[in-house]
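One structure is given below, encoded as structure tokens.
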Amino acid sequence: MAFPRRTPGASRVRSLCTGLAGAVLGAVAARTAFTRATRAPRGDTVDDVFLDSGPSRDLWTRTNFRGEKVTLLEGPALAAGTCAAAALAPGVPRRLRAATVTAAAGAAGFGAYDDISGSAGSRGFKGHLGALARGEVTTGAVKVAGIGVTGLLAGAMIDRRPFDALVNGALIAGSANLLNLFDLRPGRAAKVGLAVGVPALAGPGAGAAGPVLGATAALLPEDLGERAMMGDAGANALGAVLGVAAAASLPRSARVGLLGAVAGLTLASEFVSFSKVIDATPPLRALDLAGRRPAPTPAPAPAPEEEEAAARAVGDVPWAPGTEAITVPAQQSLRTTRRTDTGGPDRP
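Printed below as a string of structure tokens:
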């Protein structure tokens, strides 16, 4: 038995109320989970996570594109908040509730496995398939297979007819992978997820969309502030649950078309850099940069006169007729003292 695909009048309002209630619960649950997960033993906040060394901290710590340390615990917190809200939100059909929890937990679990145990050796489907051809099973391949299985289970919970269950499962798994491709800059995957997921709040998939959108919005400030990142656990969970919402809302023809678009974008990512496309498109670049920390401004180069004056002060300018005599030992002593005092080079 399939979910009803049309949501006219009062049903649309009821779906919106269900979605908004789920969003509030998802936001509260995700924020609570993140705060508890990142709190140091002495009760500090996320900024102090990196002050405490140890295996448990290092396991969830990564270096972002600026070279700064961030925590990956945003992903598990997002998934936990989504699952809790989907399980508790009022008015969500039982099978949609089960499909949401299954998709979120499965995608987050296998994503976290890849986050913790994976390496940068093999990337993308081409990399994983190439490794399999050499007899090597990568963590990414395990993740893809695992999310595929849990996606099929969730898809069958939405619609038990074989073809529809297969399309739903592929859509859920494909969406999980596609969202993860955007998690390359702060807030990017969250912005994409929020943009494509908000329309689902007024449809039959609102019970799935609401919790994950609320959880994503609640954790977005941490992502934009570069204190945390989704990682595979969070991005895969976000995409998988949005796939559940689409599978529960759209008719068969629309789901098949959407699956084709997801597959096409995934294939394109093997040959085209999404980041380069975004940076080269002014409107997309503006949206991508919205709310993010500004890029560091390089220090201006000193004027030639200033550079010569600084060099003369430490004896780097050779003696020439018409200039005062320079005693090398005294200058050497001055140079050594400056390095000892400042701990750095002579010139700023």
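When the letters of the sequence shown are read in order and numbered with mature numbering (1 follows the signal peptide of the UniProt record, and there is no 0), they come out as residues -29 to -1, 1 to 319.
Here a beta-carbon is modelled for each residue, glycine too, at the ideal position from N, C-alpha and C.
Same chain only: Cβ atoms within 8 Å of residue i, ignoring 5 sequence neighbours per side
i	result
ASN148	VAL115, ILE118, ASN207, GLY210 and THR237
GLU45	PHE5, LEU190, GLU193, ASP194, ALA199, MET200, MET201, GLY202 and GLY205
residue 320	Any question about residue 320 goes unanswered here, given that the chain covers just -29 to 319.
ALA127	ALA136, ASN139 and GLY140
THR252	none
ALA(-20)	none
Selected residue, minimal CA-CA separation from residue i, among the options
i	options	result
THR187	GLY145, ALA56, ARG33 and ARG132	ALA56
ALA50	VAL227, VAL248 and MET201	MET201
PRO157	ASP29, ARG7 and LEU260	LEU260
PHE36	PHE242, ASP194 and ASN139	ASP194
VAL(-2)	THR71, VAL72, LEU30 and GLY181	GLY181
ARG33	ARG65, CYS(-13) and GLY89	GLY89
ALA78	VAL113, THR109, ALA257 and PRO265	VAL113
ALA70	ALA144, PHE134 and VAL(-17)	ALA144
LEU59	GLY(-11), ALA83, LEU230 and LEU165	GLY(-11)
ALA48	ALA141, ASP135, GLY185 and SER(-15)	GLY185
ARG131	ARG263, LEU142, ALA75 and ARG66	ARG66
VAL120	ALA76, ALA83 and LEU255	ALA76
LYS162	ARG(-18), LEU255, SER(-19) and ARG264	LEU255
ARG(-18)	LEU142, GLY38, PRO61 and ALA171	ALA171
GLY62	LEU155, CYS(-13) and LEU(-5)	CYS(-13)
ASP154	SER224, SER246 and MET128	SER246
LEU165	ARG7, LEU124 and LEU213	LEU213
LEU230	VAL72, SER146 and THR9	SER146
VAL215	ALA179, ALA83, ALA234 and GLY235	ALA179
GLY80	THR110, LEU(-5), ALA266 and ARG68	THR110
THR42	THR9, ARG68, GLY52 and CYS54	THR9
GLY(-8)	ALA160, LEU150 and VAL169	VAL169
ALA234	GLY82, LEU150 and PRO133	LEU150
GLU39	GLU197, VAL243, SER(-15) and ALA266	GLU197
residue 321	PHE134, LEU152 and ASP85	No information on residue 321 is available, as it lies outside the stretch -29 to 319 that the chain covers here.
ARG2	ALA83, GLY262, ALA266 and VAL183	VAL183
ARG263	VAL108, GLU107, ARG159 and ARG(-16)	ARG159
GLY52	ALA(-20), GLY(-4), ARG7 and ARG105	GLY(-4)
Coil, strand or helix - residue i by DSSP
i	result
ALA266	coil
PRO316	Caution is warranted here: a pLDDT of 39 is assigned to PRO316, below 50, making its placement in the model unreliable, and the coordinate value is therefore given only provisionally. Three-state result, PRO316: coil.
ARG(-18)	helix
ARG37	coil
THR53	helix
THR9	helix
THR3	helix
THR252	coil
ARG223	helix
VAL215	helix
Cutoff 7 Å; reference residue i; Cβ partners in own chain excluding five residues on either side
i	result
LEU30	ILE87
VAL(-6)	GLY185
ASP250	ARG256
CYS54	VAL72, ALA75 and ALA76
Contacting residues, own chain, Cβ-Cβ under 6 Å from residue i (five flanking each side not counted)
i	result
GLY122	GLY140, ILE143 and ALA144
SER224	none
ALA74	ALA125, ILE143, ALA211, VAL212 and VAL215
ILE129	ALA70, ASN139, ALA218 and ALA219
LEU258	none
PRO64	none
ARG(-16)	none
Contiguous alpha helix (DSSP H) assignments of at least 4 residues, all confined to the region 105 to 135: If we require 4 residues or more, the alpha helix (DSSP H) runs fully inside the region 105 to 135 come out as 110 to 129.
The region 213 to 226 / the region 168 to 176 touching (three or more Cβ pairs under 8 Å): Here the region 213 to 226 makes contact with the region 168 to 176; the two share three or more CB pairs at distances below 8 Å.
Complete runs of the beta strand (DSSP E) confined to the region 142 to 211 [at least 3 residues]: Runs of the beta strand (DSSP E) lying entirely within the region 142 to 211 and spanning at least 3 residues: none are present.
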